[in-house]
Amino acid sequence: MIFWLIAIAVTAITCAALLYAGRGRPVNASPGESADTTNHFRQLLAGIDTDLAAGKISADEALGAKGELAREMIRAKAEAKPAAAGFGRTALVSGAALVAAVALGVYALLGSPNLPAQPLASRADVAAQNMDLGDAISRIEARLAQDPNDIRGWTVLAPALVQIGRFADGANAYGRVIALSQPTAQLLTDQAEALLLAADGAGSSEAMALLRQAADLDAADPQPRLYLAAELTRTADYAEAARYWQSAIDLATGAEPWLPAARQGLAVAQNDGVDTTAADQAKMIGGMVKSLSTRLYDEGGTVEEWTQLVRSYIVLGDLPNAQKAYDASVAAYPAAFDRGELDTLALRAGLKLNGDAQ
Amino acid sequence: MSIELGHFALILACAIALMSAIGGLTLWRSGERLASVLAQSAILQFVLVAVAFLAVVQAFATSDFSLALAANNSHSLKPMIFKISGVWGNHEGSLLLWILILVLFGALVAAFGRRLPADLLNLVLGTQSLLVVAFGGFTLFTSNPFARLAQPPIEGADLNPILQDIGLAIHPPLLYAGYVGFSICFSFAIAALISGRIDQAWARWVRPWTMLSWIFLTLGIAMGSYWAYYELGWGGWWFWDPVENASFMPWLAGTALLHSALVMEKRNALKIWTIFLSIITFSLSLLGTFLVRSGILTSVHTFASDPTRGLVILAILAVLIGGAFLLFALRASALRQGGLFAPISREGALILNNLFLATAVGAILVGTLYPLILDALVGTTISVGAPFFDLTFGALMAPLLLIVPFGPLLPWKRADMLAAGQRLVGAAGLAVFLTILVSALGGVSISLAPLGLLLGFWVTFGAFAELIERGRIGRIPARESLRRLAGLPRSIWSTAIGHMGLGLTVLGIVSVTAWETELVTTLNPGETTELAGYTVAFDDFAQIPGPNYMADTGHFTLTAPDGGTSKLDAERRTYVASGMPTTEAAIATFGLSQFYLQLGEPLDNTHVIRIWHKPYILLIWLGAIVMAGAGVLSLTDRRLRVGAPQRAARQTMEPAE
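Sequences listed follow chains A and B, in order. For the first sequence, my numbering gives the first residue as -4, with consecutive numbering after it. For the second sequence, my numbering gives the first residue as 18, with consecutive numbering after it.
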């Protein structure tokens, strides 16, 4: 409400200022426009006289200037048209009314008059957010030491412990949650994940047991299956791994981000751990690189294409050809400015820049 | 509530502008009463938009993320200066800045225009208000900076890190002051076309505005170029990027306008062409806004990528520019032609200048728009790169630079080319001598560099020919010469200094292009390398936290050939909020030359280091600053000021020497 009062007051002041500016003044004896023009010429004329008196121009020049001025003035007089009648009070008042109506109307359409300002320093939600995670954890742990059956406390604590890297404690906390409630597939997977993270890539039979339990518990959850499949692939148990990869893929709807990785995992597991896709890719890259290099050496190309060629040779491990392509691209693009990414790529792979010799 | 009051103030300002536009353009013959209402309205618009702008600044400064703009572009950890500059480091805020400058110029016309004929003032302020309505409406309805969030986020998304720089705090306001300043010339041109009256008083009014806008644009472009040079980390100072071209085209057209307005003011000639240039210059400013704001171009400048916005701006552009040219087509023939002159005369030289500049604008316009149009029509993506621009622009500028020194020496109306040439013999001789000397010392292979040097020296020294002539230097006692020089009108000094600035810029460009050396290598702390006689030692490497970023910092010691050393710190920063990296190059200045070091990407066990030696590069920007300074000097010449036209009468009849 206060906002609208202020807004209306501002509008009223503004309109008053416009009306004040347009108030009728005592009418001048001469109409504005021609007075302006005459005045302008009078000043120019006076200027010529001043210059003549000061000796800046000769009498001849002064005469010529005056003549030009006179012609200019006659022309201006001929062109001058009578000024139209001034606009009336009605026009002025309706203009002010237009201003008020448009301003208040558009603001009503676009504004959010009831939304308060929320500078960061005075916001309560931010203060809560800024509390240190470590502090919060130790506070909850202290409370759980008093009351170890507080399921809410363990539920909050478990993911926080995993987040700060205390995986074993996190797994333990998930275990307490499961003990205090019903085991769900999600909770079991979370606990297994924490155990696997704590084992740091070494695997964990306890985690495997939990994952199998989770997979049995929820036939529609791909997550425990993916973990199982990955772990089984790692331990070279390909037959079972392939089964879990397949069951996870069967559960997918097609848009999952993990799907390509799962398909590749399945292919690897079905082929007893040998990644044939990589060999296929290498063959394909080889063919592409060949056509690209032929074109670039024959016709030249953009610096991005050269970069692509050098990168391909490096990926294929063909350093002599990479060096050759790099030399050719430096010759084509001598300014370092053009070759930012290319130089980094080449130097990282241990190639030599011609410029090194300078 | 301050945000909402700011929002209301902006809307109220647009409403007043709407009233002014309708009143000014329909009732312009109503005389002084309307003029005082419009003047009052112009000042109110400025006050209200300033309030709106301050409201946004305040929201950014206090990190009020209930303002969507602040939530999307600010961060509570940013240093205060970048919180404030963040206001215009985005689409909505920069439009608000654009409008603020637009109404500021309108208010200045209202404040200083009391002596203008009432009908002219009515039309100018009416047109100016129409622009406020167009851009204000666009801002409010498609890009509202006052959009609010009922559930503000805890932290803002931060400003693009490369924009968190002092150069960016200054560059847009300068550039916008230049762009928007030309709106005044545009409004005057429209006023002249509608009223059918155009005279020397008109030119005397338009020229200071052109000069002022041109000064801002010159400084803005130079600042942007220097910013790109040190912040983008590649040591490039001009990329022929469409966005750079978008600011360069109005500058070229504005330079042409500056010179043609001179002819009109002094000789009452070239009226229609001056009007045409006024419209063109502002149209190019609008085109620049369109290119940058519509999302057509992808670059650091393009904050907006919403197609509706692009279409609306295109529509505004079509109506304003199309309308202006329609008016021009209908009314230009009604304007009276001005004074006559022979082909070889000061007027003729200025026309030649205008021809070259206009052609250069055309070439850049084609190079900038052709890929966009081709992409839109055929779907083929091509890129018109630096080689095209270097070749066409260079070829157009070379003859222009050749004639620059002649211009000021030619008298009005009719002139003697030979006489002017004789006075330039000294400058030409000096330029040839220095070019041969520098080329011999610099070791030039066969290239265009000596030609460029020759032009640069020629323009630089040729600029002084008129001073030498007028001061009768060498022909009368030195004391007497000094007295004469001190007594010369400032416009003569400003012409000489302005042209000299151009020469300096040319010299800088030629020098850097021809003699820049560079080195890309890998370096570990403790190792050294060499470039152009300088030794660079990589002292140590450290990670240093900044207020809102982490910096990988390399400390280097640079030893110059003369034994002097300087410390260089080059950084690669990673900003916390966005995770985006930036490169902070280390630059050491030796006289007018610079040594530029970029800490490149970290490799497994070493660092990529890129080093450039840029001889006399500072001349490029020094020249621009000298040009802008010459503009300021010209503005202080009281004969160009409004309200003091009496002394200009002498100029009308400048005696032939």
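For each residue, glycine too, the CB sits at the ideal point set by N, CA and C.
### Query
What span of residues does the beta strand (DSSP E) with W629/B cover, start to end?
Along the second sequence, one-based indexing puts residue 629/B at 612. Where W629/B is concerned, the enclosing beta strand (DSSP E) stretches over H624 to K631.
### Task
Measuring alpha carbon to alpha carbon, tell me which of W226/B, W257/B and A245/B ends up nearest L275/B.
The residue you call residue 275/B lines up with position 258 of the second sequence. Measuring from the Cα of L275/B, the nearest candidate turns out to be W226/B.
### Message
Quick check on the burial criterion: 16 or more other C-beta atoms within 10 angstroms. Buried or exposed for I626/B?
### Response
If you number the second sequence from 1, residue 626/B lands on position 609. I626/B is buried by the Cβ-count criterion.
### Query
Thinking C-beta only, is A549/B closer than 9 Å to Q560/B?
Looking up residue 560/B in the second sequence gives position 543. Looking up residue 549/B in the second sequence gives position 532. Going by C-beta atoms, Q560/B is not nearer than 9 Å to A549/B.
### Query
Would you call the segment 205 to 219 of chain A and the segment 180 to 194 of chain A touching, i.e. three or more CB-CB distances under 8 Å?
yes
### Task
Could you tell me whether the Cβ atoms of L87/A and G17/A are closer together than 9 Å?
Position 92 of the first sequence, counting from 1, holds the residue named residue 87/A. Position 22 of the first sequence, counting from 1, holds the residue named residue 17/A. In contact: L87/A and G17/A (Cβ atoms closer than 9 Å).
### Task
Could you work out which residues of chain B lie near G17/A, taking near to mean beta carbons separated by less than 7 Å?
By one-based count along the first sequence, residue 17/A stands at place 22. Those within 7 Å of G17/A in chain B are R50, S53 and V54.
### Query
Hey, I642/B and V97/A: beta-carbon distance below 9 Å or not?
What you label residue 642/B is simply residue 625 of the second sequence in a count that begins at 1. What you label residue 97/A is simply residue 102 of the first sequence in a count that begins at 1. Cβ atoms of I642/B and V97/A: not closer than 9 Å.
### Message
On the criterion of 16 or more Cβ atoms from any shown chain inside 10 Å, does T653/B qualify as buried, or is it exposed?
### Response
Start at 1 with the first residue of the second sequence, and residue 653/B comes out as number 636. Counting other Cβ atoms within 10 Å of its Cβ, T653/B stays below 16 and is therefore classed as exposed.
### Message
Just checking: is the beta-carbon of M18/B within a distance shorter than 9 Å of some beta-carbon in chain A?
### Response
On the second sequence, position 1 is the one that residue 18/B refers to. Yes, M18/B lies at the interface with chain A (some Cβ there is under 9 Å from its Cβ).
### Query
Roughly how many angstroms lie between the CA atoms of E21/B and I1/A, to the nearest whole one?
Counting from 1 along the second sequence, the entry for residue 21/B is found at position 4. Counting from 1 along the first sequence, the entry for residue 1/A is found at position 6. In a straight line, the C-alpha of E21/B is about 11 Å away from that of I1/A.
### Query
To which residues does DSSP link L585/B through a beta bridge?
Position 568 of the second sequence, counted from the first residue, corresponds to residue 585/B. Answer is F573/B, bridged to L585/B.
### Task
Compute the Euclidean distance between the alpha carbons of R13/B and A503/B, then round it to the nearest angstrom.
What the structure shows of chain B is the stretch from 18 to 674, and residue 13/B is not part of that stretch, so it cannot be assessed.
### A243/A versus T228/A, T230/A and A224/A, residue with shortest Cα-Cα distance
Counted from its first residue, the first sequence places residue 243/A at position 248. Checking every option, the nearest Cα to that of A243/A belongs to A224/A.
### Task
Taking only the alpha-carbon atoms, compute the straight-line gap between I207/B and V197/B and give it to the nearest angstrom.
Within the second sequence, numbered from 1, the residue matching residue 207/B stands at position 190. Within the second sequence, numbered from 1, the residue matching residue 197/B stands at position 180. If you draw a straight line from the Cα of I207/B to the Cα of V197/B, it comes to about 15 Å.
### Query
Per DSSP, what kind of secondary structure is F233/B in: helix, strand or coil?
Position 216 of the second sequence, counted from the start, is the residue given in the question as residue 233/B. DSSP places F233/B in helix when its eight states are reduced to three.
### Task
Evaluate M228/B with the Cβ neighbour count: other Cβ atoms within 10 Å of its Cβ, from every protein chain shown; 16 or more gives buried, anything less gives exposed.
Numbered from its first residue, the second sequence carries residue 228/B at position 211. With 16 or more other Cβ atoms within 10 Å, it is buried.
### Query
Taking the alpha-carbon positions, what's the D195/A to R229/A distance?
By 1-based counting over the first sequence, the position of residue 195/A is 200. By 1-based counting over the first sequence, the position of residue 229/A is 234. So the two alpha carbons sit approximately 13 Å from each other.
### Task
Give a yes or no on whether 9 Å exceeds the smallest Cβ distance from G295/A to chain B.
Indexing the first sequence from 1 puts residue 295/A at position 300. Not one chain B Cβ lies under 9 Å of G295/A.
### Message
If you reduce the DSSP assignment to three classes, tell me which class R107/A lands in.
### Response
Translated into the one-based positions of the first sequence, residue 107/A becomes position 112. It should be noted that the sequence gives Ser, not Arg, for residue 107/A. Looking at S107/A - three-state DSSP - the assignment turns out to be coil, as it is neither helix nor strand.
### Query
Hey, L540/B and T546/B are a contact pair by Cβ (cut 8 Å); roughly how many whole angstroms apart?
The sequence position of residue 540/B within the second sequence is 523, counting from 1. The sequence position of residue 546/B within the second sequence is 529, counting from 1. With a Cβ gap of about 6 Å, L540/B and T546/B count as contacting.
#### Entry: Residues, ordered as in the chain, of the segment 73 to 92 of chain B that lie near chain A by beta-carbon distance below 8 Å
A76, T79, S80, D81, F82 and S83
### Query
Rounded to a whole number of angstroms, what is the C-alpha to C-alpha distance between A127/B and A56/B?
Residue mapping note: residue 127/B aligns to position 110 of the second sequence, counting from 1. Residue mapping note: residue 56/B aligns to position 39 of the second sequence, counting from 1. A127/B and A56/B: Cα-Cα distance of roughly 5 Å.
### Query
From the beta carbon of A174/B, is the nearest beta carbon of chain A less than 9 Å away?
Position 157 of the second sequence, counted from the start, is the residue given in the question as residue 174/B. By this cut-off, A174/B is not an interface position.
### Query
Beta-carbon separation of V66/B and A38/B under 9 Å?
Position 49 of the second sequence holds residue 66/B. Position 21 of the second sequence holds residue 38/B. Contact flag unset, no.
### Query
Measuring CB to CB, does I179/B end up less than 9 Å from T599/B?
Working through the second sequence from its first residue, we reach residue 179/B at position 162. Working through the second sequence from its first residue, we reach residue 599/B at position 582. Taking 9 Å as the Cβ cut-off, I179/B and T599/B qualify as a contacting pair.
### Task
Could you spell out the range, first to last residue, of the beta strand (DSSP E) harbouring I561/B?
Here residue 561/B is taken as the residue at index 544 of the second sequence, counted from 1. Here the beta strand (DSSP E) through I561/B covers Y551 to P562.
### Task
Mind checking which residues open and close the beta strand (DSSP E) that includes T600/B?
In the second sequence, the residue the question calls residue 600/B occupies position 583. Looking at the DSSP string, the run of the beta strand (DSSP E) that includes T600/B is P598 to E601.
### I173/A versus L190/A - alpha carbon distance
Against the first sequence, residue 173/A aligns to sequence position 178. Against the first sequence, residue 190/A aligns to sequence position 195. Roughly 15 Å between the two C-alpha positions.
### Task
Would you mind listing the alpha helix (DSSP H) stretches within the segment 230 to 306 of chain B that are 4+ residues and don't spill past its ends, in chain order?
259 to 284
### Closest residue to L676/B among N262/B, V74/B and L140/B (Cα-Cα distance)
Summary: the structure shown does not reach residue 676/B, with chain B confined to residues 18 through 674, and so no result is reported for it.
### Local Cβ density within 10 Å of E294/A, reported as buried at 16 or more and exposed below that
Translated into the one-based positions of the first sequence, residue 294/A becomes position 299. In this structure E294/A is exposed. Its beta-carbon is surrounded by fewer than 16 other beta-carbon atoms within 10 angstroms.
### Query
Can you tell me whether F676/B is buried or exposed, with buried defined as 16 or more other CB within 10 angstroms of its CB?
Chain B is shown from 18 up to 674; residue 676/B falls before or after that span and cannot be answered.
### Query
Taking just the CA atoms, how far does L13/A sit from V22/A?
Mapped onto the first sequence, residue 22/A falls at position 27. Mapped onto the first sequence, residue 13/A falls at position 18. A caution first: V22/A carries a pLDDT of 44, below 50, which makes its placement in the model too unreliable to give a value.
### Task
Take the Cβ of K347/A as the centre, count every other Cβ of all protein chains shown within 10 Å, and call the residue buried at 16 or more, exposed below.
The sequence position of residue 347/A within the first sequence is 352, counting from 1. Answer is exposed; the Cβ neighbour count stays below 16.
### Task
Please name the residue or residues paired with F77/B in a DSSP beta bridge.
Taking the second sequence and counting its residues from 1, the one referred to as residue 77/B is at position 60. Note: F77/B sits in no beta bridge, so no partner.
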